[in-house]
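Worksheet: one structure, shown below.
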Amino acid sequence: MSKITDVAIFLTASVVVFVILFFAGFSIINPSPDPENSPDIQNEMMTGISDFQGYVQEGFYELNEIASSAAERISKTGLDGEGTEKILEEYMSKNPSIVTIGTFDGAGYVKAMVPVSHQEIVGKDLGNTPVVSLMNSRKVPLMTDQFDLAEGGKAASINYPVFTGDDRYAGFVSLTFDPAIMFGDILKKNFYQDEFQFMAVQKNGVILYDEDPEEIGKNTFKDPMYEDYPEISGFGEQFAEKWSGRYVYRFTDPGSLKEAKKEAFWTTCGIHGTEWRIMIIKTL
229 MSKITDVAIF LTASVVVFVI LFFAGFSIIN PSPDPENSPD IQNEMMTGIS
279 DFQGYVQEGF YELNEIASSA AERISKTGLD GEGTEKILEE YMSKNPSIVT
329 IGTFDGAGYV KAMVPVSHQE IVGKDLGNTP VVSLMNSRKV PLMTDQFDLA
379 EGGKAASINY PVFTGDDRYA GFVSLTFDPA IMFGDILKKN FYQDEFQFMA
429 VQKNGVILYD EDPEEIGKNT FKDPMYEDYP EISGFGEQFA EKWSGRYVYR
479 FTDPGSLKEA KKEAFWTTCG IHGTEWRIMI IKTL
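In our numbering, each number is its position in the sequence shown, counted from 1, plus 228.
So, in structure tokens, the structure goes:
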């Protein structure tokens with residue numbers, strides 16, 4: 229059985245696990261003395277977060293397929309050269325959230341990179357950076373949290389190993405993407421009402437998507453804007469620890485200084501061992 233087939237089986241099994249854990253997580257939520265939305269609204273919220281979860285997983289699998297397919301083709305052309313750059317340029321146009329696609333060799337050197345605006349890092353040794361070091365050590369598909377790009381800016385990445393015809397590890401393809409664009413595009417295409425708010429957060433508290441652009445990139449545990457709202461820290465502790473759940477907290481509405489009580493349901497999306505929390509929120 230090929231490495232690609234093994235990964236496909238793993239991804240299919242992951243979908244089943246996500247569905248089981250999603251409904252199990254909400255079924256064990258204890259009744260809360262806090263104010264809450266009506267049962268009908270709560271059911272709408274749980275349906276909404278379930279739908280959102282499905283769309284996000286599809287988004288991950290689409291990006292994963294792009295990285296996987298590029299790695300398979302580059303295993304025949306090599307990590308650099310005109311043919312490889314054409315392959316990378318072709319895949320660069322397949323998803324609006326993609327920031328860069330490049331190749332790294334087993335020593336950690338950047339061998340190719342698109343778009344042209346990021347090619348200044350070609351030839352650089354990034355072998356000691358966390359993502360490159362981990363990929364060349366593990367030699368398996370990997371998704372990362374958001375990180376600082378060597379050429380500037382921030383992105384998350386999906387990385388796929390490249391093996392030669394004789395099954396020798398040559399390096400890997402790295403596809404970086406902007407989570408905020410990915411989540412925003414999913415919501416724009418699939419949700420047509422503004423009754424609920426949606427968020428996406430890393431387990432370490434970094435906000436990947438929020439309807440208030442000023443909150444994207446901030447850390448719910450560390451940023452001064454949350455200091456006057458201890459319930460935010462409590463919420464963060466809950467979603468960092470638990471795969472899914474419900475929480476009631478107080479914070480301002482997007483684009484407003486007015487405080488409001490909010491009810492949130494969250495669950496988890498991810499691939500290759502990296503998990504992000506996604507949330508649906510309704511003002512009480």
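Quick reminder that beta carbons are idealized off the backbone N, C-alpha and C, glycines included.
Problem - Buried or exposed (CB count within 10 angstroms, at least 16 for buried), Met371 - result: Burial call: buried.
Practice task
Report the partner residues of Pro389 according to the DSSP bridge assignment.
Solution key: According to DSSP, residue pairing for Pro389 in a beta bridge involves Phe400.
Practice task
Please confirm if the segment 318-330 is in contact with the segment 290-303, defined as three or more CB-CB distances below 8 angstroms between the two stretches.
Solution key: The segment 318-330 is in contact with the segment 290-303.
Practice task
Determine contact between the segment 345-362 and the segment 428-443, defined as no fewer than three beta-carbon pairs at a distance below 8 angstroms.
Solution key: No, because fewer than three Cβ pairs between the segment 345-362 and the segment 428-443 fall closer than 8 angstroms, the two stretches do not touch.
Exercise for the section: Return the chain-ordered list of same chain residues with a C-beta closer than 6 angstroms to the C-beta of Thr511, the five sequence neighbours on each side being excluded. Expected result: So the qualifying residues of the chain are Ala488, Lys490.
Problem - Cα-Cα separation between Asn364 and Pro389, rounded to whole angstroms - result: Asn364 and Pro389: Cα-Cα distance of roughly 8 angstroms.
Practice task
Within 10 angstroms of the Cβ of Ser345, are there 16 or more other Cβ atoms? Answer buried if so, exposed if not.
Solution key: So Ser345 ends up on the exposed side.
Problem - Beta-carbon contacts of Arg301 that lie in its chain and below 8 angstroms, excluding the five residues immediately before and after - result: Hits under 8 angstroms: Ile315.
Handout entry: Start-to-end residues for the alpha helix (DSSP H) that takes in Thr305
Key = Unbroken alpha helix (DSSP H) run through Thr305: 267-305.
Problem - DSSP-derived helix/strand/coil call for Gly462 - result: Three-state DSSP puts Gly462 in a helix.
Problem - Nearest residue (CA-CA) to Thr509, options Val350, Tyr475, Glu286 - result: The residue asked about is misnamed: residue 509 is Ile in this sequence, not Thr. Considering only alpha carbons, the answer is Tyr475.
Problem - Best match in Phe479, Tyr454, Met427, Met410 for proximity to Met507 [C-alpha to C-alpha] - result: Measuring from the Cα of Met507, the nearest candidate turns out to be Met427.
Exercise for the section: Determine contact between the segment 336-352 and the segment 374-384, defined as no fewer than three beta-carbon pairs at a distance below 8 angstroms. Expected result: Contact between the segment 336-352 and the segment 374-384 is present: 3 or more CB-CB pairs across the two stretches fall below 8 angstroms.
Problem - DSSP bridge partner residues for Tyr337 (one or two, in chain order) - result: Beta-bridge pairing links Tyr337 to Asp353.
Problem - Boundaries of the alpha helix (DSSP H) in which Met320 is found, first to last residue - result: Unbroken alpha helix (DSSP H) run through Met320: 310-320.
Problem - Helix, strand or coil at Ala408 according to DSSP, with G and I counted as helix - result: In the three-state scheme derived from DSSP, where H, G and I count as helix and E and B as strand, Ala408 is classed as helix.
Problem - Residue range of the beta strand (DSSP E) that includes Val429 - result: Val429 -> beta strand (DSSP E) spans 425-430.
Practice task
May I have the straight-line CA-CA distance separating Trp494 from Arg505, to the nearest angstrom?
Solution key: Rounded to whole angstroms, the gap between the alpha carbons of Trp494 and Arg505 is 6 angstroms.
Handout entry: Span of the alpha helix (DSSP H), counted from its first residue to its last, around Val208
Key = For the chain, the structure presents residues 229 to 512; residue 208 sits outside this window and is missing.
Practice task
Say whether the segment 396-403 touches the segment 269-288, bearing in mind that this needs 3 or more beta-carbon pairs closer than 8 angstroms, one atom from each stretch.
Solution key: Short answer: they don't touch.
Handout entry: Pick from Glu503, Gly498, Gly473 that is closest to Glu286, judged by C-alpha positions
Key = It is Gly498 whose Cα lies nearest to the Cα of Glu286.
Problem - Tyr457, DSSP secondary structure in three states - result: In the three-state scheme derived from DSSP, where H, G and I count as helix and E and B as strand, Tyr457 is classed as coil.
Exercise for the section: Within the same chain, show all residues whose beta-carbon is closer than 7 angstroms to that of Phe280, passing over the 5 residues directly before and after it, in chain order. Expected result: Phe426, Ile506, Ile508, listed in sequence order.
Exercise for the section: Look up Tyr475 in the DSSP assignment and give the residues it is bridged to. Expected result: Answer is Ala492.
Exercise for the section: Report the option in Pro407, Gln374, Ile277, Phe391 whose CA atom is closest to the CA atom of Thr305. Expected result: Thr305 has its Cα closest to that of Phe391, out of Pro407, Gln374, Ile277, Phe391.
Practice task
Could you tell me the boundaries of the beta strand (DSSP E) in which Tyr437 lies?
Solution key: Start and end: 435-438.
Practice task
With DSSP as the reference, label Leu370 as helix, strand or coil.
Solution key: Look at Leu370 here: in three-state DSSP terms it is strand.
Practice task
Compare the C-alpha of Tyr457 against each of Thr404, Ser303, Val284, Phe479 and name the closest.
Solution key: Closest by alpha carbon: Phe479.
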